[in-house]
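In the order they appear, the protein sequences are chains A and B.
Quick note: the first sequence uses the working numbering, first residue 1, plus one each step.
Quick note: the second sequence uses the working numbering, first residue 247, plus one each step.
There are 2 protein chains.
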Amino acid sequence: MMGGMSPTPRQRRAARLGIDTGPPAARRGPSGGTKKPITVEAIISTAFGIVEHEGYEALTMRRLATALETGPSSLYAHVVNKEDLGELLIGRLCADIELPEPDPDRWREQITSVCTQLRDQYLRYPGISRAAFAAAPTNLDTMRVSEGMLAILLAGGLDPQTAAWAIDSLTLYVNAYSLEVALVSHRLSHSDDDWVVGRDEMLRRFAALPDSFPQTKRYAAELTAGTSHDRFDFTLGLMIDGLAGR
Amino acid sequence: MMGGMSPTPRQRRAARLGIDTGPPAARRGPSGGTKKPITVEAIISTAFGIVEHEGYEALTMRRLATALETGPSSLYAHVVNKEDLGELLIGRLCADIELPEPDPDRWREQITSVCTQLRDQYLRYPGISRAAFAAAPTNLDTMRVSEGMLAILLAGGLDPQTAAWAIDSLTLYVNAYSLEVALVSHRLSHSDDDWVVGRDEMLRRFAALPDSFPQTKRYAAELTAGTSHDRFDFTLGLMIDGLAGR
DNA sequence: AGGTGTTCCGAACACCGTTCGGGCTGCTGG
DNA sequence: CCAGCAGCCCGAACGGTGTTCGGAACACCT
């Protein structure tokens, strides 16, 4: 009856939310032990390799299994899902974020630093922020980042309620920005010919617009100005300015 | 040789970016004409029906074709892609947005109104904002909304460069918020048991956290406070406050 | 009438995530 | 000591996806 207990697929996940147990005495598969034993660690790192060079859309269970010289089904002994795999990647990624010691006089640049680190990590692995959208906030590594951001904002003298909600706003925006940039550059590489265009072509199209778009035609230069990162800095500054004014 | 010319798959798309031509004298298929002729309009409206009741993830070419009582390949005479279909849906959705006449004294509530309309439309068709992320800014209907927002912000006295970038920030945030809400409620319905939990369970988990999360444990109430829409209003207010301070 | 262009659609291709069942290993309890 | 067993490994398959191909059927234009 209840003694059966499902073996270890999502129990492993549950365990991961707690303390990471050391290697439980490395077992060997039927391959005799000549090959690498295919741990969760190996899965994560090769997954990162694939995403870094080919994008998150190329991260397939089959592709990942092939890179590990095995079949797709072998992965499901270590990872419960593809969604779970994404959560693992996000967790690992958050673990590398450096959280500064909160300094009340420099909270603005400190929170900016954390957001920029997140952005750069996301952009290093294009499209991975798609997994960050669905990542449960129960993950320990992601909560460590939240804790750090909260500490910075509180040290800055913000109202606790404002600080709490601001964390949500900031992380959501960083995720969205990274996802959009990844989608655009992905489309830029996988479009047969045009579809994505440069700034001058953009200006030409705006100029050719009907007269029912007066502002867009008038301020086409402003609309197409700046790099992606400029816009990122702008929006972040916007939100932080809004925070400072409370 | 070159006289062949590719028929009309993505030329139709190009034409759609311009002026929408009326029905080019309804052709009939081999079905004799008893059935509805399966226009782009019919595709869009039944697609909206599916997304509204079953979510964007259920919007499959096969599912859509079945709803139209045909096969999947029949759709590709009217729609170039699934991505293109998504762009069509976003365009139609934007066409229903009401743009107020810019009033310099009420620019804040006016821009908020547009964003709220967008949010409600996105949430009415759960998950559709995923398509909005990739939607090319060349679409006429989406640009109509941009034009309206730009007009509002300019009337409010904002610097053109600030207004132009602010539109990007706002639409990106609205998209991201809607996508996140849709993902959460989708997960809430398709999770076998728990996985998504209520606020009290959230508080209990925060309380059970290790001591390395002092702020999170201390301000668990603030972190879990408020509905989704409260957070939306908060973030929007944050950005608009930031805008007003320039 | 004959050609031409467009639409409709069954079949198929390549790929995806995931499950099933069994073969294998190495530890463990009698 | 050795049978049992829990866990890892993996080929094969299932059901699903987006998309393409080739032909058949119709409407229109010369």
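All C-beta atoms, glycine included, are put in the ideal place defined by N, C-alpha and C.
Under 9 Å Cβ-Cβ, which residues of chain A neighbour residue i?
i, result
"TYR465(B)", "LEU150, LEU154, PRO160, GLN161, ALA163 and ALA164"
Going by the CB atoms, is the gap between residue j and residue i shorter than 8 Å?
i, j, result
"LEU89(A)", "GLN121(A)", "no"
"ASP405(B)", "GLY337(B)", "no"
"TYR173(A)", "TYR322(B)", "no"
"GLU147(A)", "THR292(B)", "no"
"ILE413(B)", "LEU396(B)", "yes"
"GLU468(B)", "GLN161(A)", "yes"
"LEU123(A)", "PHE379(B)", "no"
"PRO126(A)", "HIS78(A)", "no"
"ILE38(A)", "SER74(A)", "yes"
Interface residues of chain B around residue i at Cβ under 9 Å?
i, result
"ASP168(A)", "LEU469, ARG477, PHE480 and THR481"
"GLY55(A)", "Residues of chain B passing the Cβ test: none, with the nearest at roughly 14 Å."
"LEU68(A)", "Here the premise fails: no neighbours, minimum Cβ distance about 28 Å."
Compute the beta-carbon to beta-carbon distance between residue i and residue j, rounded to the nearest angstrom, for a pair I have assumed lies under 8 Å.
i, j, result
"ALA164(A)", "TYR423(B)", "Actually they are not in contact, since the Cβ atoms of ALA164(A) and TYR423(B) sit about 16 Å apart, beyond 8 Å."
"ARG204(A)", "THR384(B)", "Going by Cβ atoms, the distance from ARG204(A) to THR384(B) rounds to 12 Å, so no, they are not a contact pair."
"ILE50(A)", "LEU64(A)", "6 Å"
"GLY245(A)", "ASP487(B)", "6 Å"
"TRP187(B)", "ALA304(B)", "What is shown of chain B runs 247 to 492, which leaves residue 187(B) out entirely."
Note down, in chain order, every chain A residue with its Cβ under 7 Å from the Cβ of residue i.
i, result
"LEU305(B)", "Per Cβ cutoff of 7 Å: no residues; LEU305(B) is ~18 Å from chain A at best."
"SER392(B)", "THR216"
"ASP487(B)", "GLY242 and GLY245"
Return the CA-CA distance between residue i and residue j, expressed in angstroms with no decimal places.
i, j, result
"THR227(A)", "LEU118(A)", "18 Å"
"ARG27(A)", "ALA471(B)", "Any answer about ARG27(A) is weak, because its pLDDT of 46 lies below 50 and its placement is not dependable; what the coordinates show is given next. So the alpha carbons of these two residues sit roughly 46 Å apart."
"ILE290(B)", "GLY301(B)", "15 Å"
"LEU399(B)", "ASP233(A)", "20 Å"
"GLY157(A)", "PRO104(A)", "7 Å"
"MET239(A)", "GLU287(B)", "40 Å"
"LEU209(A)", "THR316(B)", "38 Å"
"LEU482(B)", "ASP476(B)", "10 Å"
"PRO214(A)", "ARG390(B)", "11 Å"
"VAL360(B)", "ALA131(A)", "29 Å"
"GLY332(B)", "ALA207(A)", "26 Å"
"PRO348(B)", "ILE374(B)", "28 Å"
"MET61(A)", "LEU345(B)", "46 Å"
"LEU17(A)", "GLN356(B)", "For LEU17(A), the pLDDT reaches just 43, beneath the cut-off of 50, and the residue's location in the model is therefore unreliable, although a value from the coordinates is still provided. C-alpha separation (whole angstroms): 44 Å."
"ASN421(B)", "THR171(A)", "14 Å"
"ASN81(A)", "VAL326(B)", "32 Å"
"LEU489(B)", "LEU243(A)", "12 Å"
"ALA25(A)", "SER169(A)", "The pLDDT assigned to ALA25(A) is 35, lower than 50, so where the model puts this residue is not dependable, and the model offers no usable value."
"ASP211(A)", "ALA341(B)", "18 Å"
"THR358(B)", "GLU83(A)", "34 Å"
"THR362(B)", "PHE294(B)", "20 Å"
"THR312(B)", "VAL427(B)", "28 Å"
"SER437(B)", "ALA382(B)", "33 Å"
So residue i is in the alpha helix (DSSP H); what residue range does that whole segment cover?
i, result
"GLU347(B)", "Element bounds for GLU347(B): n/a, residue is neither H nor E."
"LEU310(B)", "307 to 313"
"SER45(A)", "40 to 54"
"ALA166(A)", "160 to 190"
"THR200(B)", "The structure shown has nothing for residue 200(B), since chain B only spans 247 to 492."
"THR481(B)", "474 to 490"
"THR253(A)", "Past the boundaries of the shown model lies residue 253(A); chain A is included only from 1 to 246, so the question cannot be answered."
"TYR122(A)", "107 to 124"
"GLY332(B)", "328 to 341"
"LEU203(A)", "199 to 207"
Quick one: does the C-beta of residue i sit closer than 7 Å to a heavy atom of the ligand HEM?
i, result
"LEU59(A)", "Although the ligand HEM was asked about, the structure shown includes no ligands whatsoever."
For residue i, go through chain B and note every residue whose CB falls closer than 8 Å to its CB, in chain order.
i, result
"TYR177(A)", "LEU418"
"ALA134(A)", "LEU429 and ARG433"
"PHE213(A)", "MET389, ARG390 and GLU393"
Counting only Cβ pairs nearer than 7 Å, list the residues of chain B close to residue i.
i, result
"GLU180(A)", "PHE379 and LEU418"
Name the chain A residues that come within less than 8 Å of residue i, Cβ to Cβ?
i, result
"THR384(B)", "ARG205"
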